[in-house]
Amino acid sequence: MTTIVEIASGTSLREKKTEVNKDLVYKTKDLNLWYGENHALKNINLDIAENEVTAIIGPSGCGKSTYIKTLNRMVELVPSVRTSGEILYRKRNIFDKNYRVEELRTRVGMVFQKPNPFPKSIYDNIAYGPRIHGIKDKNILDQIVEKSLRGAAIWDEVKDRLKENAYGLSGGQQQRLCIARCLAIEPDVILMDEPTSALDPISTLKVEELVQELKKEYSIIIVTHNMQQAARISDKTAFFLNGEVIEFDETDRIFSNPRDKRTEDYITGRFG
Amino acid sequence: MVRLIDQNKVTKNIQPRIFRNSIYKYFFLAATTLCLLILAVLFIRVLRQGLPHLDWQFLTSTPSRKPEEAGVYTAFIGTVWMMAVVIPVTFVLGVGAAIYLEEYAKKTKFTTFIETNISNLAGVPSVVYGLLGLTLFARAFALGQSVLAAGLTMSLLVLPVIIVAAQEAIRSVPNELREASYGMGATKWTTIYKVVLPTAIPSILTGAILAISRAIGETAPLVVLGIPLFLIQTPSTFFDSFTALPMQIYNWTGRPQAEFQEIAAAGIIVLLVLLIVLNSIAVFIRNKFSKKL
Amino acid sequence: MLLILSWMKGVFSLSSQHNTVPFSVKEMIAKKQKQQKNIGEKVMPWILLLTAIISILTTLGILFTLITETFHFFGDVPFKEFFSGTTWYPFSDPGQYGILPLISGTLRITFIAIIVAVPIGLAAAIYLSEYATDRVRRIVKPILEVLAGIPTIVYGFFALTFVTPLLQNFIPNLEIFNALSPGILIGIMITPTITSLSDDAMNAVPKAIREGALAMGATKWEVTWKVVLPAAVSGIVASIVLAFSRAVGETMITSIAGGSTPNLGLDVTSSVQTMTAYIVQIAQGDAGYGTTIYYSIYAVGFMLFLFTLIMNLVAQWIRRRVREEY
Numbered sequence: 006m007t008t009i010v011e012i013a014s015g016t017s018l019r020e021k022k023t024e025v026n027k028d029l030v031y032k033t034k035d036l037n038l039w040y041g042e043n044h045a046l047k048n049i050n051l052d053i054a055e056n057e058v059t060a061i062i063g064p065s066g067c068g069k070s071t072y073i074k075t076l077n078r079m080v081e082l083v084p085s086v087r088t089s090g091e092i093l094y095r096k097r098n099i100f101d102k103n104y105r106v107e108e109l110r111t112r113v114g115m116v117f118q119k120p121n122p123f124p125k126s127i128y129d130n131i132a133y134g135p136r137i138h139g140i141k142d143k144n145i146l147d148q149i150v151e152k153s154l155r156g157a158a159i160w161d162e163v164k165d166r167l168k169e170n171a172y173g174l175s176g177g178q179q180q181r182l183c184i185a186r187c188l189a190i191e192p193d194v195i196l197m198d199e200p201t202s203a204l205d206p207i208s209t210l211k212v213e214e215l216v217q218e219l220k221k222e223y224s225i226i227i228v229t230h231n232m233q234q235a236a237r238i239s240d241k242t243a244f245f246l247n248g249e250v251i252e253f254d255e256t257d258r259i260f261s262n263p264r265d266k267r268t269e270d271y272i273t274g275r276f277g
Numbered sequence: 032m033v034r035l036i037d038q039n040k041v042t043k044n045i046q047p048r049i050f051r052n053s054i055y056k057y058f059f060l061a062a063t064t065l066c067l068l069i070l071a072v073l074f075i076r077v078l079r080q081g082l083p084h085l086d087w088q089f090l091t092s093t094p095s096r097k098p099e100e101a102g103v104y105t106a107f108i109g110t111v112w113m114m115a116v117v118i119p120v121t122f123v124l125g126v127g128a129a130i131y132l133e134e135y136a137k138k139t140k141f142t143t144f145i146e147t148n149i150s151n152l153a154g155v156p157s158v159v160y161g162l163l164g165l166t167l168f169a170r171a172f173a174l175g176q177s178v179l180a181a182g183l184t185m186s187l188l189v190l191p192v193i194i195v196a197a198q199e200a201i202r203s204v205p206n207e208l209r210e211a212s213y214g215m216g217a218t219k220w221t222t223i224y225k226v227v228l229p230t231a232i233p234s235i236l237t238g239a240i241l242a243i244s245r246a247i248g249e250t251a252p253l254v255v256l257g258i259p260l261f262l263i264q265t266p267s268t269f270f271d272s273f274t275a276l277p278m279q280i281y282n283w284t285g286r287p288q289a290e291f292q293e294i295a296a297a298g299i300i301v302l303l304v305l306l307i308v309l310n311s312i313a314v315f316i317r318n319k320f321s322k323k324l
Numbered sequence: 030m031l032l033i034l035s036w037m038k039g040v041f042s043l044s045s046q047h048n049t050v051p052f053s054v055k056e057m058i059a060k061k062q063k064q065q066k067n068i069g070e071k072v073m074p075w076i077l078l079l080t081a082i083i084s085i086l087t088t089l090g091i092l093f094t095l096i097t098e099t100f101h102f103f104g105d106v107p108f109k110e111f112f113s114g115t116t117w118y119p120f121s122d123p124g125q126y127g128i129l130p131l132i133s134g135t136l137r138i139t140f141i142a143i144i145v146a147v148p149i150g151l152a153a154a155i156y157l158s159e160y161a162t163d164r165v166r167r168i169v170k171p172i173l174e175v176l177a178g179i180p181t182i183v184y185g186f187f188a189l190t191f192v193t194p195l196l197q198n199f200i201p202n203l204e205i206f207n208a209l210s211p212g213i214l215i216g217i218m219i220t221p222t223i224t225s226l227s228d229d230a231m232n233a234v235p236k237a238i239r240e241g242a243l244a245m246g247a248t249k250w251e252v253t254w255k256v257v258l259p260a261a262v263s264g265i266v267a268s269i270v271l272a273f274s275r276a277v278g279e280t281m282i283t284s285i286a287g288g289s290t291p292n293l294g295l296d297v298t299s300s301v302q303t304m305t306a307y308i309v310q311i312a313q314g315d316a317g318y319g320t321t322i323y324y325s326i327y328a329v330g331f332m333l334f335l336f337t338l339i340m341n342l343v344a345q346w347i348r349r350r351v352r353e354e355y
């Protein structure tokens, strides 16, 4: 038990949360999801608040990635996916027939496991989002690019080579570029699917610091298989196991005093 | 302990086994070299026959009854005209079909049917395409022996090649890039047009050039279509009749006089140079862009 | 000129000037999204589907063309004569249309091609896949594939003007048009098909299997013969079937160097005629539209089509089985 307390209290980055009544960005009601016959998500109920970092942890195959991909309906790119239940984003059901998936994804940005910049210049990578949404004014694009790159704390590293191919950047820089790309369309929520799993420790630290910075303006949901990371950067933590939410609470509480035996087993490293 | 293996025998056998191995090795090497040798002989032979006749006059003259005055001008221009039909038609139809099959089509029986059909079309002899062109384009559409009739026939002939090449190119675009684009709220067509195609275009071009080279060298469909073997006029619209490089070579090859066979060789050099230039462009594109990804 | 330059300068400096009026990307996007009509999104799939359907239309076109004209042909010529007649002489009155001589000519040339191509092609494939270094393989394979990319008219020319005279030195009674010379050249043309596809098939055999045999002290030849070839056999057979189909459909080499004398038998030294060469001969001449001779090229074309189609289907079937193995 002492180890858990150490992890939780040893986090200098995390800020203590006190206020309670925040607006909800996401409300998940009785969500079920099947890949063909495989019941991947079972009766998920989760409320995600504004301007917070919500971490989703759990062993591989627990459905955490599936859940985060459901939040912007990217999961539908897999054929044979079926869902039931509701996910309300800003009080609107995202599964509603009239809800255009493109609109949802414009409001909800996503950062993926592996950095996935386009094989274009750094500038064009950032300008991609605004451009597809009809912003063509060079002047405005210039400003968006600078603002986004600054927002992702990568401006100083790339400002002299905006016209160079993004593939010339290091893995960590590529991931921050992808975050910048995501910021360029000024999303409301940012989904991060194990954003540091392909990065070295120093790049990981930079991304974690960035997440702390970003939560002032954005709501962030982050999937991670690294428990220390969840403890360091998140305000709330949800523990997933076999497609179910076992426990969802303040991060402090989850790591210091879990209610469920299975949560405790997982965070003390007994399985997973 | 009873030894089942006689070590002496094994040791004695090793030498002959190694010997046999090296004999086979040299046999296989010889076969490979033979192929390269034949290629070399073919090139040298054609060059030796044709080079003395290959001069500016040959390139700029129209065909003639006298071998010393004959040239490939009409045929070369005719081939260029035909390509002006083949390139846009195959590119649009081929890439379009590939995008549909790779990005839109679900894995239904219908899709499998289309794909099987395409690979079967690739195996249909070119002379059969000639019969199709003759009935459909030359007669039913009344296009006769025009650039358009030949161009469309050749387009159908090379379409399977370009579709398969474009499919492979599109398939090799990493899925992460599509996800990134969708993740920002891009629609499907926007993602294809702005992310998938720009990434796949070098490989698509490489495949397209190889397909087009095939159309340049094909003779049989043109013969079946009835494209004239002897023509002095170059076409001025797509509805005019024309002749093409391989037809011109075919014509000269068929003449009994030795001089005509030599200018046939000169014509072959022109054709091969054209193909080599195209293929070098394809290789260049492949090497230049394959490094970026 | 100077004026224009200074004007352009002005334009450029204007555009590079940043105006720093605050704006919200969020609002701009929301506004644009309301205007968007997504026409491309709705229309493009259908346009693309149409382009994909062209390939089906092509097949239907080929089938329709061949079948209707062949139907006309069989209005004039009895079925039985076509398939069992031993004389193909359409120019007499009435013409004789027994296809066997054309098939005989086609098969003679094709078998010569196969006899040339299979040993050379396979040997080269084994060399490239099992013996050659990676570097040699990367250089040699594309060069070999050049052999498949050379226009067939060039091979035809080469057969008539080089190979036939060369062979006449050894076989004095070889006619100027014969089955041997085009057969050899077609063999060379299809060699890369066999080499390339067989090489791919052998490369698909997992490395671990080879290493297992080599670790027991087997020589490379023993590994190839006892391990690699048996594992890759379906791919190799498929490549040969495919090459066979290509040889049957080859037109210009046989038209130029094979001659135009349809005959039955096994003679390879005298003039023959293949199915493809017959189509070319008639298409080039002035067979009037609607005559029996005109329809006969479609009947022959139909035979050719069926023959190659079956071959291709067989090759695909064999190759599909390979894929399931690993």
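Residue numbers (this note's numbering), protein chains in the order written: chain A, 6 to 277; chain B, 32 to 324; chain C, 30 to 355. Ideal placement from N, C-alpha and C gives every residue a C-beta, glycine not left out. Since the model is a prediction, treat every value here as computed from it, not as a measurement.
Under 9 Å between C-beta atoms, does S177(B) make it to chain A?
no
How should W87(B) be labelled, buried or exposed, when 16 other C-beta atoms within 10 angstroms of its C-beta is the threshold for buried?
exposed
According to the neighbour-count rule (16 or more other Cβ atoms, all chains shown, within 10 Å of its Cβ), is F380(B) buried or exposed?
Given that chain B is displayed from residue 32 to residue 324, the structure contains no residue 380(B) and the question cannot be resolved.
Assuming A356(C) and A142(C) are in contact, meaning their beta carbons sit under 8 Å apart, how far apart are those beta carbons, in whole angstroms?
A question about residue 356(C) goes unanswered here, because the residues of chain C that appear run from 30 up to 355.
Pull up the CB-CB distance for I223(C) and L151(C), whole angstroms please, since I reckon it's below 8 Å.
6 Å
Cβ pair F111(C), G127(C) closer than 9 Å:
yes
For I300(B) and G81(B), believed in contact at Cβ under 8 Å, the rounded distance
5 Å
Check whether the Cβ of I137(A) lies closer than 9 Å to any Cβ atom in chain B.
yes
Using the Cβ count rule (16 or more neighbours within 10 Å means buried), how would you classify P211(C)?
buried
Please report the residue range of the beta strand (DSSP E) in which K47(A) lies.
N43 to A54
Per DSSP, which one or two residues make a beta bridge with A243(A)?
I61(A) and F253(A)
The segment 213 to 241 of chain B: which residues have C-beta closer than 9 Å to a C-beta of chain C, in chain order?
G216, T218, K219, W220, T221, I223, Y224 and L241
So what does T112(B) bridge to, in DSSP terms?
The residue you asked about is not Thr; residue 112(B) is Trp in the sequence shown. According to DSSP, which records beta bridges pairwise, W112(B) is partnered with nothing at all.
At least three beta-carbon pairs within less than 8 Å, the segment 60 to 72 of chain A to the segment 228 to 235 of chain A:
yes
Kindly confirm or deny that the segment 212 to 231 of chain C and the segment 133 to 148 of chain C touch, where touching means at least three C-beta pairs closer than 8 Å.
yes
Three-pair Cβ contact test at 8 Å for the segment 102 to 120 of chain A versus the segment 205 to 214 of chain B
yes
Whose Cβ in chain B lies nearer than 8 Å to the Cβ of T111(A)?
M215 and G216
So, are the CB atoms of G185(C) and T221(B) less than 9 Å apart?
no
Closer than 8 Å between beta carbons: that is the criterion. Which residues of the segment 268 to 288 of chain B meet it against chain C?
P277, I280, Y281, T284 and G285
Could you tell me which chain A residues have their CB closer than 7 Å to the CB of L162(B), listed as they occur along the chain?
Residues of chain A passing the Cβ test: none, with the nearest at roughly 41 Å.
Opening and closing residue of the beta strand (DSSP E) in which S89(A) lies
V86 to Y94
Residue-chain proximity (Q326(B), chain C), Cβ-Cβ < 9 Å
Examination of residue 326(B) is not possible in this model, given that chain B is present from 32 through 324 alone.
Between A197(B), V227(B), A217(B) and L190(B), which lies nearest to I83(C) when the distance is taken from Cα to Cα?
L190(B)
Beta-ladder partner(s) of H33(A), from DSSP:
Rather than His, the amino acid found at residue 33(A) in this sequence is Thr. In DSSP, T33(A) forms a bridge with L51(A) and I92(A).
Are any of the Cβ atoms in chain A nearer than 9 Å to that of K319(B)?
no
My assumption, with CB atoms under 8 Å, is that M384(B) sits in contact with M185(B). Please give the rounded CB distance.
Because chain B spans 32 through 324 in this model, residue 384(B) falls outside it and cannot be assessed.
Using a Cβ-Cβ cut-off of 9 Å, state whether R209(B) counts as contacting chain A.
yes
My output table needs one value for S299(C): the three-state DSSP class, helix, strand or coil.
coil
Let me know if S267(B) comes out buried or exposed under the rule of 16 or more other beta-carbons within 10 Å of its beta-carbon.
exposed
Return no unless some Cβ of chain C is closer than 9 Å to the Cβ of G182(B).
no
Verify the CB distance criterion: does K266(A) have a CB-CB separation below 9 Å to chain C?
no
Look at the alpha carbon of R301(A) and the alpha carbon of R78(A), and state the distance between them as a whole number of angstroms.
The shown model of chain A, from 6 to 277, leaves out residue 301(A), and the question about it has no answer.
Are there 16 or more other CB atoms within 10 angstroms of the CB of P47(B), so buried, or fewer, so exposed?
exposed
Residues bridged to I307(B) (per DSSP):
Beta-bridge pairing links I307(B) to no other residue.
Grouping DSSP H, G and I as helix and E and B as strand, with all else coil, what is L82(B)?
helix
Residues near F123(A) by beta carbon distance below 6 Å, same chain, minus five either side:
N130
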